[in-house]
Each structure stands twice: as C-alpha cells, then as structure tokens.
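Residue numbers (our numbering), protein chains in the order written: chain A, 1 to 80; chain B, 1001 to 1245.
Everything below concerns the one structure shown next.
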Amino acid sequence: MKARVHITLKHGVLDPQGKAIGHALGSLGFAGVGEVRQGKVIELELAETDEARARAEVEKMCRTLLANTVIENYAIELQG
Amino acid sequence: MDAPVKPEHDNVGVGSAMKAAIVVFPGTNREVDMKDAFERAGARAVMAWHGDAQVPECDLIVLPGGFAYGDYLRCGAMAAHSPIMKDVVAKANAGQPVLGVCNGFQTLVEARLLPGALLKNASLAFVCRDVHLRLEHAVKPLTGNLAEGEVIRVPVAHGDGNYFADGETLRRLEGEGRIVFRYVAGPGEPEARANPNGSTADIAGIVNEKGNVLGMMPHPEDATGPRQQSLDAVPLFAGIVEALS
C-alpha cells in the first residue's frame, strides 16, 4: 500500500516561500493569483495491507516526525 | 551516503572545572567554536556523538550550531530523533542545564524541550552578520554574568531563525519572563535592521519553564576570543563556568 502525506503550513503561519512564489508568478505576467502557500508531499511505501492500520501508523509517523504540528497540518491519502 | 565518522577530538581537560558535553550530529559545524569558548572560560569540554545512547556525565549539555542531517525535512527534525536525544530530553527534564545555539535551538524546539518553531527567515535569505541582543531576563546559570538590560554584539548565521509561537504561547513566554534575549538596534543602527530574521516579538532566545534549557539563534561562542569581532559574550561563558564548577 502507498501513502501520500500532504504537509501544509497552518493558517496564520508566515510562508515567505509562498510569498516569493506569488511575487515571481506576478512578475511573469500571471495575473489574478491571490495568496500562495507552499507545502510538501511525502510518499511512503508500506508493507501494511489493512487500510485502517496503515492510516493509524502513518498518523503516528506524522505526529512523531513528518509534520511539526506547531506550525503544520497534514493530510493522509492512501492508495491501494 | 557513507556513514559519518565519529570525530576524535575530545579534550577531557584537567581539574575540577565544570564539564560541558557538546553533542555532535552529522552536519554539526560549530562544535569546535563552542569547545574553544568553554575552554577559554576555564571549563572542560568533551564531544558527545549523536549515535550514542547516553550523554557522558557532565555539568552542562550543549547542542551547537550547524546543519544536522542537512536540515532535511525541517531544521533540527532529524537531530531531535537521534539516539542521544532521548537521554538529553530525560536529563533536561530532570533539571540538568542545556544550552542550544542556532541549529541546537532548532533541535531543542523539535524535541519539544522548548515551545514554538523556527521558520525560514522572513527575507528568505541566509543571514550572516553581527546583531545586538538585549538580555531581558537573567536566568542562572545559563545567561552567565550578563546583566539584565545589557546589550551585547554577537554574530548570527542562519536561514531558519524566524521564531514563531501561537498567541497563547507568546503570552506565557512573556508573562513568565522566559524571553531572555531580544534583537535590538545597535548604536547608530536603524530599528528596522535590528531583527535579522523576522522573528515574532524580536525573540532571539527563550528558556523552558524551569529555566534550565536555553535556546538562542545567535552565536555567543563566536564573541569570546581572539580573531572574533566582539568579546561581548565573555561574561556569559565566564558566569556559566563559575556557577557550574
């Protein structure tokens, strides 16, 4: 089973990289872009085949290491 | 990638002077500056390897600056989960003094020994220059012989020093006198240049509730000796060594 973890900065946490990307898009002529927020995606290959157990395990990984929950949110996507 | 090689530059020193154990992770690069600063102040200093299960017996644990694990994932995140950190956390919780500078501060935050987080500098640029710090609250022994209100000039060198904490945490830090160092403008320096990274409330260094764990972004160890541009942090190290020897 594969897991894809999406990590994004929480609302209210300054994202200077997102801002810089927004500025760059503007200067390239892409109009109408509002706030830009940058995150990261982590793909994991798991030996676990049970979806509920896999989700619980990845949740634990997120809280322990993958995300810093002081500043980041995470969302887990499981793929067969 | 080859496994990093454990460095062999321990110096056990002599006498009954305090002993600092400086934790070295793969990618740490300020450990020798830190050792020199403590030795100049009369302390003994030994290096402790991140893969060891225990910190050697010592009076002070130091997490120095650098880029542990290449700052992969988040700065300090991998280091915070190194084998030795279990012992660092246990000893910190038992009251042992712990000092984290720069990457060491980031690691203490990731290990949840200190609250908040360190984000990318607001400018997005790596900043390497002298800054001025005001000691807001003296916390013994870790702020040494610096006097409250004293302003010192020390260097910073970091890309992720932008301290962030939620409103409630900030109010607690402020109310409990745990914001120990703030960036301030130096003589003739414009206010706007004082804070090098955009940190909330100009925070440069904080302590934990008990006051035995101090994390700061600037490098006091690089303001203590010859060929360094400032000697302003000499009283900090002298005071720590006096108190713990």
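Ideal placement from N, C-alpha and C gives every residue a C-beta, glycine not left out.
What you are looking at is a predicted structure, and each value in this text was computed from that prediction instead of being measured.
Quick check: the Cα distance between residue i and residue j, rounded to an integer number of angstroms?
i                  : j                  : result
Ile1179 of chain B : Asn1195 of chain B : 15 Å
His1137 of chain B : Cys1128 of chain B : 26 Å
Ala1192 of chain B : Ala20 of chain A   : 20 Å
Glu140 of chain A  : Glu1110 of chain B : With chain A represented from 1 up to 80, any question about residue 140 of chain A goes unanswered, as that position is not in the structure.
Gly1167 of chain B : Glu1176 of chain B : 14 Å
Asn1029 of chain B : Val1088 of chain B : 19 Å
Val1055 of chain B : Arg53 of chain A   : 36 Å
Ile71 of chain A   : Arg1134 of chain B : 27 Å
Cys1075 of chain B : Asp1232 of chain B : 28 Å
Gly39 of chain A   : Thr8 of chain A    : 4 Å
Val58 of chain A   : Gly1104 of chain B : 28 Å
Leu1146 of chain B : Leu1244 of chain B : 16 Å
Ile1022 of chain B : Arg55 of chain A   : 39 Å
Met1001 of chain B : Gly1027 of chain B : With a pLDDT of only 49 at Met1001 of chain B, under 50, the local geometry of the prediction cannot be trusted, and no value is derived from it.
Asn1011 of chain B : Ala1041 of chain B : Per-residue confidence for Asn1011 of chain B stands at a pLDDT of 48, beneath the threshold of 50, marking its modelled position as unreliable; no derived number is given.
Glu1031 of chain B : Leu1118 of chain B : 21 Å
Ala1209 of chain B : Leu1142 of chain B : The sequence given here places Glu at residue 1209 of chain B; Ala does not occur at that position. Looking at the two C-alpha atoms, the distance is approximately 14 Å.
Lys1248 of chain B : Ala1185 of chain B : Any property of residue 1248 of chain B remains undetermined from this structure, which presents chain B solely from 1001 to 1245.
Asp15 of chain A   : Phe1025 of chain B : 28 Å
By the three-class DSSP mapping on this structure, what secondary structure does residue i have?
i                  : result
Thr1169 of chain B : helix
Ala1017 of chain B : coil
His1009 of chain B : Low local confidence applies: a pLDDT of 49 at His1009 of chain B is under 50, so the model's placement there is unreliable, and no value is given.
Gln79 of chain A   : strand
Met1001 of chain B : The predicted model places Met1001 of chain B with a pLDDT of 49, which falls under 50 and marks its position as unreliable, so this point remains unresolved.
Met1034 of chain B : helix
Met1047 of chain B : strand
Asp1130 of chain B : strand
Leu1099 of chain B : strand
Pro16 of chain A   : helix
Val1180 of chain B : strand
Glu72 of chain A   : strand
Asn1162 of chain B : strand
Glu43 of chain A   : strand
Met1 of chain A    : coil
Val36 of chain A   : coil
Leu1119 of chain B : strand
Pro1083 of chain B : helix
Arg55 of chain A   : helix
Is it the case that the Cβ atoms of residue i and residue j are separated by a distance below 8 Å?
i                  : j                  : result
Val13 of chain A   : Leu25 of chain A   : no
Gln17 of chain A   : Lys1120 of chain B : yes
Met1078 of chain B : Val1156 of chain B : no
Val1139 of chain B : Leu1214 of chain B : yes
Pro1220 of chain B : Val1154 of chain B : yes
Ala1045 of chain B : Ala1080 of chain B : no
Ile1206 of chain B : Leu1114 of chain B : yes
Phe1164 of chain B : Gly1116 of chain B : yes
Ala1043 of chain B : Val1234 of chain B : no
Ala1037 of chain B : Gly1144 of chain B : no
His6 of chain A    : Val36 of chain A   : no
Arg1171 of chain B : Asp1202 of chain B : no
Could you check how far apart the C-beta atoms of residue i and residue j are, in whole angstroms? I think they sit under 8 Å.
i                  : j                  : result
Leu46 of chain A   : Ala3 of chain A    : 6 Å
Met1018 of chain B : Leu1060 of chain B : 6 Å
His1050 of chain B : Pro1097 of chain B : Not really, about 19 Å apart at Cβ, beyond 8 Å.
Asn1162 of chain B : Asn1212 of chain B : Not really, about 25 Å apart at Cβ, beyond 8 Å.
Gly1070 of chain B : Cys1102 of chain B : Not quite, the Cβ-Cβ distance comes to about 15 Å (not below 8 Å), so this is no contact.
Residue i versus chain D: which residues are under 7 Å apart at the beta carbon?
i                : result
Val41 of chain A : No chain D appears in the structure shown, which is made up of the protein chains A and B.
Next item on the list: Tell me the start and end of each unbroken alpha helix (DSSP H) in the segment 1201-1245 of chain B that is at least 4 residues and wholly inside, in chain order.
Entry: 1234-1244
Check: If you scan the segment 1049-1073 of chain B from start to end, which runs of the beta strand (DSSP E) of 3 or more residues do you find wholly inside it?
Finding: 1060-1063
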